[in-house]
Amino acid sequence: MSAPAAAPAGPPTIGTLPTPSLLADHAIVVRNVQRMGTRIAGMGAALRPHVKTHKAIEVARLQQAAGMRGITVSTLAEARAFAAHGFDDITYAVPVEPGKFAAVTAMVAAGTRLAVLTDDLDVPGPLAAAAQRAGVTLDVYVKVDCGYHRCGVDPSTPAFGELVQRIGERTALRFAGLLTHAGHAYRARSADECRAVAREERDAMVAARATLAARGIPVPVASIGSTPTATHVDHLEGIDEVRTGNYVFHDGMQVRIGTCAAADCALTVLTAVVHRDRVRGRLVVDAGAIALSKDAGIADADGVTHYGHLVTLDGEPLGLRVTALSQEHGWVDGVPEPLLDRLAVGARVRVVANHSCLTAAQFAHYEVHEGERLVARWANHRGW
Ligand SMILES: Cc1ncc(COP(=O)(O)O)c(C=O)c1O
-6 MSAPAAAPAG
4 PPTIGTLPTP
14 SLLADHAIVV
24 RNVQRMGTRI
34 AGMGAALRPH
44 VKTHKAIEVA
54 RLQQAAGMRG
64 ITVSTLAEAR
74 AFAAHGFDDI
84 TYAVPVEPGK
94 FAAVTAMVAA
104 GTRLAVLTDD
114 LDVPGPLAAA
124 AQRAGVTLDV
134 YVKVDCGYHR
144 CGVDPSTPAF
154 GELVQRIGER
164 TALRFAGLLT
174 HAGHAYRARS
184 ADECRAVARE
194 ERDAMVAARA
204 TLAARGIPVP
214 VASIGSTPTA
224 THVDHLEGID
234 EVRTGNYVFH
244 DGMQVRIGTC
254 AAADCALTVL
264 TAVVHRDRVR
274 GRLVVDAGAI
284 ALSKDAGIAD
294 ADGVTHYGHL
304 VTLDGEPLGL
314 RVTALSQEHG
324 WVDGVPEPLL
334 DRLAVGARVR
344 VVANHSCLTA
354 AQFAHYEVHE
364 GERLVARWAN
374 HRGW
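Counted from 1, the sequence shown has number 359 at position 366 by the working numbering; the numbering is strictly sequential.
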C-alpha cells in the first residue's frame, strides 16, 4: 500500500484555497474598524454599525471592541443570527411591512430590543395591534428622506408630523426617533461633493427635530449614516447616532469617491486563470457574476466601467480590470504580453471588490488572511 501524500509544509496560505474564494484582510479590517470608531466617538455620536456589509459575528465583535453601541441590520435573518450571539440591541433599517410584524414582535417578546422603522401612515395601526397581541412595546423610528428619495417621509410635509403622532398615540408603540440614510452620497465624486451631501443629511435631521420640538415632541434619537458622509462630515452637532456599514471593508467605489485609499480595501476574491488568449490579449478567470456580483461600481478616471481591479496574491496591482462577466467567467481584456507570459492557466490572482457589501453576500464564509497566511474563517449570515 502506498503512503498517503505528505501534507504541504508550513501554515496554509491563500494560494492553496479553492477558487473562487472570498478573502478578508484581517489587518485592514481591524484598522478600518478602529478608524471609524475613533472618528465617530471623537465627534460625540454613538456608532451603530450596519452589519449588512459583513454579516459576520467576528467583525461585529471587533466593532464592539471599537466602541459601537448596538447594531443595524437589513434582514431579519441577520437580526436572528446576531441576537443568537448576544447582540440584543438591533435596529432593522428597512421599512417594516405587515408580513414581518409577527417575526419582529416574536423577537422582541424573546428579549431582543429590535427597533423598526416606517414612513407610512397606514403602518402604526396594524403594527400596534401586532405588538399588543405579542404583549410587547415596540420601538419605532420614523424614516426621513434627506435627499436620496429611496424611502422616507419628507419632513416638510404634513405627513411627517402626522406619522409621529400616530406612533405616539399607540400604547404598544414607542417613538424611538428619526432615521435617515444619505445613499445619494454614492453619486459624489470628490470629498467636497460628499461633504455637501453629509451636511444635507445632518441638517435635514436637525431641522426635522426642530419641527417636532416646536410641537412639543422630543426626539429620543436622530440616527444618520453612510460611509462616505460619515468620513467627510465636518461635525455631528444635533446627531446622536451614526450607522456606517461599508467602511469595514471599503471597496473600489469608495476609492473612486475619495472616501478611502486603495490600501484600505480589505475584501478581494481569489480567482484562477482558466483561459489565456494571446491573440485578443485576454485572460478569463473563474470569478464571474456569481462571485463578484454584477455591480459595475463607478467608472475609473479614464471612463472605463469594470467589475474590479486585479492584484497579485501579495497585493501588488497588476493594472488589469475585469471588463465583462458571465455567470462563472470573468473576462480580463487589454492584457499586455508580459502579463500574458506571467499569468498562465492555473495562476492565482485577486480581484478587489467594486462594492464589498454585494461581493461578500455571494459567499457563505470569509477566508481571513494576514499577508498570504490564512488565520481564520468567518461565517457569513446570509438570507432573509
Ligand atoms: C438604511 C441604511 N443605513 C445605513 C447604511 C450604511 O451605509 P454605508 O454602507 O454607506 O456605510 C445603509 C446602506 O445601504 C442603509 O441602507
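Think of the CB as a built atom: it goes at the ideal place given N, C-alpha and C, for glycine as much as any other residue.
Rounded to the nearest angstrom, the gap between the Cα atoms of R182 and A127 is 47 Å. With respect to R202, H228 sits apart: the two C-beta atoms are not nearer than 9 Å.
Taking C-beta separations shorter than 8 Å and ignoring five residues to either side along the sequence, the partners of Q320 in its chain run G281, A282, I283, following chain order. Separation of the CB atoms of M246 and I291 is rounded to 5 Å, and the pair is thereby assigned contact status at 8 Å. With a threshold of 16 other beta carbon atoms within 10 Å, D112 meets it and is buried. Around the beta carbon of D288, 16 or more other beta carbons sit within 10 angstroms, so the residue counts as buried. Judged by beta-carbon spacing, R343 lies beyond the 9 Å limit of V315, meaning their Cβ atoms are not closer than that value. Judged by the Cβ position, A181 fails to qualify as a neighbour of ligand 1 at the 8 Å threshold, every heavy atom of the ligand being at least this far. Sixteen is the threshold: when 16 or more other Cβ atoms of the shown chains lie within 10 Å of the Cβ of D244, as they do, the residue is buried. Of the heavy atoms belonging to ligand 1, none sits nearer than 8 Å to the Cβ of T111. Around A184, the same chain offers H225, G251 as residues with beta carbons nearer than 6 Å, after the five sequence neighbours per side are excluded.
Judged by pairs of C-beta atoms under 8 Å, the segment 23 to 35 does not touch the segment 3 to 14, as fewer than three such pairs exist. Looking at the backbone, the Cα of V241 and that of Q57 are separated by about 13 Å.
In this structure, V368 lies away from S14, with their beta-carbon atoms at least 9 Å apart.
For ligand 1, the residues with a Cβ under 5 Å from any of its heavy atoms are, in chain order, H43, A86, H174, G218, S219, T220, R236, T237, G238, N239. Pairing K48 with N373 gives a Cβ-Cβ distance under 9 Å. Around the CB of E309, fewer than 16 other CB atoms lie within 10 Å, so the residue is classed as exposed. The three-state secondary structure of R202, taken from DSSP, is helix.
Contact between L313 and V297 fails: their C-beta atoms lie close to 11 Å from each other, not under 8 Å.
DSSP places R335 in the uninterrupted alpha helix (DSSP H) bounded by 330 to 335. In the displayed model, A39 falls within a strand according to three-state DSSP. Taking A70 as the centre and dropping the five residues before and after it, the same chain places the C-beta of G376, W377 closer than 6 Å to its C-beta, in chain order. V266 has V278 as its beta-bridge partners, per DSSP. Taking C-beta atoms as the reference points, F94 and L55 fail to come closer than 9 Å.
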